[in-house]
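Protein sequence lines correspond, in order, to chains A and B.
So the mapping is simple: our numbering equals the position in the first sequence, first residue as 1, plus 509.
So the mapping is simple: our numbering equals the position in the second sequence, first residue as 1, plus 29.
Okay, structure first, notes after.
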Amino acid sequence: MNYKILLFLIFSINFSSAYAADRKSPHGSELKIDCTTCHKTDGWQQIKENGFNHNKTGFPLTGQHKMVSCRDCHPTLKFEDAKSTCASCHEDVHENTVDNDCKQCHNTSSWIVNNVRQIHQNKGFPLVGEHAAIDCEKCHSSASDLRFDNVRSDCYGCHRDDYNYTTTPNHRESGFGTDCAQCHKMSGRTWAGTGFDHNFFPLKGGHNIECLSCHSDGYLNTPTDCYSCHKWDYDHTTEPVHASSNFSTDCKSCHNINSWRPATFDHDKKYFPIYSGSHQGEWNSCSECHTNPANYSQFSCTDCHEHNKTDMDKKHRGRNDYVYNSANCYSCHPQGKAD
Amino acid sequence: MKQALRIWIFIILILTACFAASAQDVPNQSIGQVSFISSQHVYVKFKNTVGITKGDTLFVDKNSTLIPALIVTDLSSISCVTKALHGMTFEVNAPITAKIQKHEPVPEVQIQKATESVAVVTEVIEQVSKRERNKKTEAPVSGRISVSSYTNQTNNFSSYQRFRYNVSLRADSIAKTGLSAETNLTFTHKLNESIFLSDALRVYGLSLKYNTKSLGSLVVGRKINPQLANIGAIDGIQYEKNIRKFSVGAVAGFRPDLYSYGFNPTLFQFGAFAAHNFNKGQAQTSIAVMNQTNNMITDRRFAYIQHNNSLIKRVNLFCSFEVDLYSLQNNQPTTVLDLTGAYLSLRYKPLKNLAFTLSYDARKNIYYYETYKNVADSILDKETRQGLRFQTTYRPFENITWGLTGGARFPGTNTVASTNANTFLSYDNVPFVGGTVRADFTALKTYNLNGLIYGGAYSKDFLKNKLYTELGYRYVNYTYTNSASLLNQNIAELSVNWRITKKLMLSADVESIFDNENNFSTRLFINVSQRF
């Protein structure tokens with residue numbers, strides 16, 4: 510038996526020396542690079558600057574990570590023990606109110622968040638107008654300044670008091686919607702003035718008046734067509750009479766937003782040239798031709814031209830469809846010319 | 030038979046002695062041993078390297094014939110770094126012969142045992158470790174001081190500028206003991222506004238820690254406990270002890286004031302936690318229970334559970350849950366199980382150049398029954414907000430990276446969910462000019478607006494990667510659901526990060542926005558950070 514024990518001892522010594530030789534590196538078994546990559550031959554403590562390419566690991570060094578001491582992340586010589594998650598080195602000052610993917614907001618250069626706009630876009634509340642101009646703490650208030658509790662992203666969540674206590678007009682009684690963007694410009698800086706969005710009915714020219722002028726019966730279902738407000742104007746205009754002449758109730762067809770006059774009624778194109786040609790400057794009032802004020806489809810040529818029937822008959826001898834009346838004059842002479 | 034066996038044993042013994050033997054005393058020669066073999070070099074240790082120079086050939090002795098085996102590429106006083114000649118292989122402890130230039134009396138080398146062949150590196154390890162320990166006992170102080178400025182200027186609204194100063198310090202092994210200290214505090218104020226200390230100063234950490242291997246660690250002061258990060262800083266005592274793969278601990282102290290974040294002795298709290306670390310941190314689980322009071326009346330009681338798992342190769346799972354255990358119903362304290370927070374994240378990286386991440390979070394604002402009892406319910410948001418996020422990045426070629434991110438956010442029961450999707454494509458090492466170009470597109474939809482955002486950026490490192498710059502542009506188009514209005518924005522961005530010295534960095538970011546309604550605004554961030 511003694512020789513067996515001796516043999517065992519001999520092989521154990523050889524095996525242990527070989528085994529121990531393989532475990533020489535103090536950096537663990539995972540680091541499979543040559544020593545000279547990092548170390549100089551002057552001594553183990555002499556480390557080559559930029560000798561090791563950290564980008565080849567799963568944790569490239571950027572920003573402030575390039576500035577810290579190796580020991581801050583690698584407390585032991587076994588480099589594989591270092592953790593690569595943010596939380597392993599950095600305290601969660603946000604108290605778990607944001608998830609653990611720090612890269613959503615932060616980069617390695619500094620803790621300053623410079624992509625605030627993109628973050629808010631991704632979280633369902635793009636920052637525009639006043640929301641982009643105010644300080645963060647107006648919405649994200651907390652004792653530590655770094656805690657981000659839930660904040661409602663709908664208008665009413667923050668502007669409840671603005672909605673409930675506005676009296677001109679009274680939002681609640683008028684049944685206004687709680688989406689402020691219906692009336693207020695999101696890009697504006699104030700609730701009124703340039704911050705107020707009435708683009709569905711631009712308040713310009715003659716419409717730039719007191720709210721109650723149009724909203725005397727409240728703010729809901731206020732009509733936007735011309736006739737609803739200007740019925741009286743339409744019904745009582747005599748020069749020309751609008752109603753009996755079957756003029757359009759869309760005031761814009763003849764009038765602009767600034768004034769009723771001058772009307773841009775295109776008599777020349779639509780009916781008969783009176784602003785150009787031989788009739789230009791030959792009249793002062795619509796009634797000179799439209800002798801029946803109750804019906805502007807009626808007009809008289811002969812009142813002005815003083816033609817006598819006999820002379821006209823002779824001139825038109827042989828002309829078919831000749832009839833001595835204004836309507837027929839017009840049908841043959843629509844441009845007001847003799848030919 | 031026995032006689033033959035004895036002879037074999039004798040031969041083996043002789044061979045072993047020779048294997049473990051050190052240098053022989055041969056004139057003009059020095060014998061060393063292979064001490065370490067790497068993928069590119071063979072390290073040979075001698076008693077001393079006098080007479081050996083770079084470029085020298087080292088030999089192996091085969092049948093009393095010296096065969097050239099290695100070329101010396103570098104050397105120290107006792108060791109040579111060599112390259113093996115073609116076809117040569119070696120084993121550790123193999124004897125190597127060097128022909129020295131001058132005859133130097135080589136001292137008789139003692140025969141070393143085979144186990145001492147590892148003494149070379151073992152001794153180095155001990156030396157390095159000793160130096161490391163000595164460094165720790167010298168109580169180094171490390172930290173960072175930073176100054177930041179944020180300016181927001183608009184053409185039709187008052188502008189403001191905010192400054193933030195941060196100091197974070199850490200001192201380990203003070204007076205060569207297990208005592209260490211750390212602090213992290215911030216001072217913030219706005220230009221041209223009055224400064225009130227209670228509003229401006231925020232102390233996130235100010236603590237002393239005493240650590241012993243046998244008794245655990247004790248922290249006194251204000252500190253955020255990583256096992257209880259959800260409650261923020263604790264003013265008081267925190268104790269933790271590691272027992273093999275477990276760690277257990279307890280905390281007792283006060284919550285910071287809910288308004289000033291200062292010390293508030295009426296907000297007493299206490300709790301305990303336990304954690305388990307499996308397989309060198311590949312799986313970690315922790316559980317904590319905390320009771321928070323206001324004037325010694327229970328304000329909130331909750332449990333916090335966290336698990337991090339990377340046991341499956343290329344897969345990482347992280348989840349955390351916060352469960353409230355206390356409620357007041359009809360003014361009667363009641364034990365409940367109310368999930369106030371949940372976060373799950375799954376990361377899968379099937380290939381080196383392909384990664385997927387899926388995360389879900391649900392959060393309800395915390396309710397303090399005693400503190401909030403006089404606060405109107407109408408202003409407290411108790412809805413649970415949920416979010417879902419998916420992200421993938423793929424690098425089909427070394428220079429090209431593509432990414433896709435999608436998210437949905439559900440604010441609560443009475444509001445519409447918002448969704449967004451973003452994709453980007455980047456190209457590194459642009460030919461002729463270098464740097465990286467990136468194009469991205471985002472589509473988003475909220476309860477009252479839709480948005481399309483087109484962006485591009487060019488970034489490049491200068492001055493041997495000490496100066497990083499990025500120039501970007503975005504075009505934003507917003508249309509409103511309940512209004513005929515639309516908003517178009519042109520956004521220009523410039524970022525500069527300059528590592529002035531190894532420990533000093535300057536960062537600056539400027540963003541200017543012009544929109545179709547003639548609004549103009551600029552944000553400017555500047556940060557200077559000095560580490561020591």
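Glycine included, C-beta positions come from ideal geometry on N, C-alpha and C.
Q: For the beta strand (DSSP E) holding Gly191(B), just list the boundary residues, first then last.
A: The amino acid at residue 191(B) is misidentified as Gly; the sequence shows Arg. Its beta strand (DSSP E) spans residues 189-203.
Q: Kindly list the residues whose CB is nearer than 7 Å to the CB of Leu387(B), restricted to its own chain and excluding five residues on each side of it in sequence; keep chain order.
A: Taken in chain order, the residues that qualify are Leu375, Phe419.
Q | Rounded straight-line distance, which links the Cα of Thr111(B) to that of His132(B) | A | Unreliable positioning characterises His132(B) in this predicted model, as indicated by a pLDDT of 46, which lies under 50. A coordinate reading is not provided.
Q | Straight-line Cα distance separating Asp90(B) from Thr126(B) | A | Roughly 7 Å between the two C-alpha positions.
Q | Option in Arg173(B), Pro169(B), Asn184(B), Ser106(B) with minimal Cα separation from Gly638(A) | A | Gly638(A) has its Cα closest to that of Asn184(B), out of Arg173(B), Pro169(B), Asn184(B), Ser106(B).
Q) Does the beta-carbon distance from Gly300(B) to Val277(B) come in below 8 Å? A) Going by C-beta atoms, Gly300(B) is not nearer than 8 Å to Val277(B).
Q: Flag Ser787(A) as yes if its beta-carbon sits less than 8 Å from any beta-carbon of chain B, otherwise no.
A: Not an interface residue.
Q: Please state whether DSSP places Phe543(B) in a helix, a strand or coil.
A: Here DSSP, grouped into helix, strand and coil, assigns Phe543(B) to strand.
Q: Quick one: which residues of the stretch 694-719 of chain A get their C-beta closer than 7 Å to a C-beta of chain B? List them in chain order.
A: Cβ contacts with chain B: Lys694, Met695, Ser696, Arg698, Asp706, Asn708, Phe709.
Q. Around the C-beta of His764(A), are 16 or more other C-beta atoms found within 10 angstroms, so that it is buried, or is it exposed?
A. Around the C-beta of His764(A), 16 or more other C-beta atoms lie within 10 Å, and the residue is accordingly described as buried.
Q. Between the stretch 731-751 of chain A and chain B, which residues of the former have CB atoms less than 9 Å from a CB of the latter, in chain order?
A. None of the residues of the stretch 731-751 of chain A has a beta carbon lying less than 9 Å from any beta carbon of chain B.
Q: Answer with yes or no whether the minimum CB distance from Thr554(B) to chain A is below 8 Å.
A: Thr is not the amino acid found at residue 554(B); the sequence shown has Phe there. At least one chain A Cβ lies under 8 Å of Phe554(B).
Q.
Which of the three DSSP states is assigned to Tyr805(A) in this structure?
A. Secondary structure of Tyr805(A) (DSSP, three-state): coil.
Q) Since Glu522(B) sits in a beta bridge, which residues does DSSP pair it with? A) Gly501(B), Glu540(B), per the DSSP bridge assignment.
(Q) For the pair the stretch 203-215 of chain B and the stretch 661-681 of chain A, tell me if three or more CB-CB distances fall below 8 Å. (A) By the Cβ test, the stretch 203-215 of chain B is not in contact with the stretch 661-681 of chain A, since fewer than three Cβ pairs between them sit closer than 8 Å.
Q: Express the C-alpha separation of Leu235(B) and Gly207(B) in angstroms, rounding to a whole number.
A: Going by the C-alpha atoms only, they are around 17 Å apart.
Q. Got a sec: is the Cβ-Cβ distance from Arg828(A) to anything in chain B below 8 Å?
A. Put simply, the CB of Arg828(A) is far from chain B, with every gap to its CB atoms at 8 Å or more.
Q. Can you check whether the CB of Leu346(B) is closer than 8 Å to the CB of Asn308(B)?
A. Here Asn308(B) is not near Leu346(B), since their CB atoms are 8 Å or more apart.
Q) With which residues is Val170(B) paired in a DSSP beta bridge? A) Bridge pairing for Val170(B): Ala200(B) [DSSP].
Q. Quick one: what's His788(A) bridged to in DSSP?
A. Looking at the DSSP assignment, His788(A) forms no beta bridge with any residue, so it has no partner.
Q | Thr241(B) (DSSP reduced to helix, strand or coil) | A | Correct three-state label for Thr241(B): strand.
Q: Flag Glu797(A) as yes if its beta-carbon sits less than 8 Å from any beta-carbon of chain B, otherwise no.
A: Glu797(A) does not count as touching chain B.
Q) With distances taken between CB atoms, is the gap from Ala113(B) to Val71(B) smaller than 8 Å? A) Taking 8 Å as the Cβ cut-off, Ala113(B) and Val71(B) qualify as a contacting pair.
Q) Can you tell me whether Gly633(A) is buried or exposed, with buried defined as 16 or more other CB within 10 angstroms of its CB? A) It counts as buried.
Q. According to DSSP, which residues form a beta bridge with Pro771(A)?
A. BP columns for Pro771(A) are empty, so no partner.
Q | Residues from the stretch 54-73 of chain B in contact with chain A, defined by Cβ distance under 7 Å | A | Per Cβ criterion, the list reads Phe65, Ser67, Ser68, Gln69, His70.
Q | Assigned exposure category for Gln518(B) - 16 Cβ within 10 Å defines buried | A | Here Gln518(B) is buried, its C-beta having at least 16 other C-beta atoms within 10 Å.
**Q.** Local conformation of Ala596(A) per DSSP, three classes
**A.** In this structure, DSSP gives Ala596(A) a helical state, which the three-state scheme calls helix.
Q) Is the number of C-beta pairs between the stretch 613-624 of chain A and the stretch 521-537 of chain B that are closer than 8 Å three or more? A) Yes, the stretch 613-624 of chain A is in contact with the stretch 521-537 of chain B.
Q) For Trp553(A), which beta-bridge partners are listed by DSSP? A) Bridge partners of Trp553(A): none, in fact.
**Q.** Val232(B) - DSSP class collapsed to helix/strand/coil
**A.** Assigned with DSSP and collapsed to three states, Val232(B) falls in strand.
**Q.** Own chain residues within Cβ distance below 8 Å of Cys598(A), not counting five before or after
**A.** Same-chain partners within the cutoff: Asp581, Cys582, Lys592.
Q.
Please list, in chain order, the chain B residues whose beta carbon lies closer than 7 Å to that of Asp658(A).
A. Within 7 Å Cβ-Cβ: Asn394.
Q) Using 8 Å as the Cβ pair cut-off and three pairs as the minimum, do the stretch 218-226 of chain B and the stretch 235-252 of chain B touch? A) Between the stretch 218-226 of chain B and the stretch 235-252 of chain B there are fewer than three inter-stretch CB-CB distances shorter than 8 Å, so the stretches are not counted as touching.
Q: Could you work out which residues of chain A lie near Ala513(B), taking near to mean beta carbons separated by less than 9 Å?
A: Within 9 Å Cβ-Cβ: Asp706, Asn708, Phe709.
Q. Closest to Lys489(B) by CA distance: which of Asn324(B), Glu499(B), Ser356(B), Arg438(B) is it?
A. That would be Glu499(B), whose Cα lies nearest to the Cα of Lys489(B).
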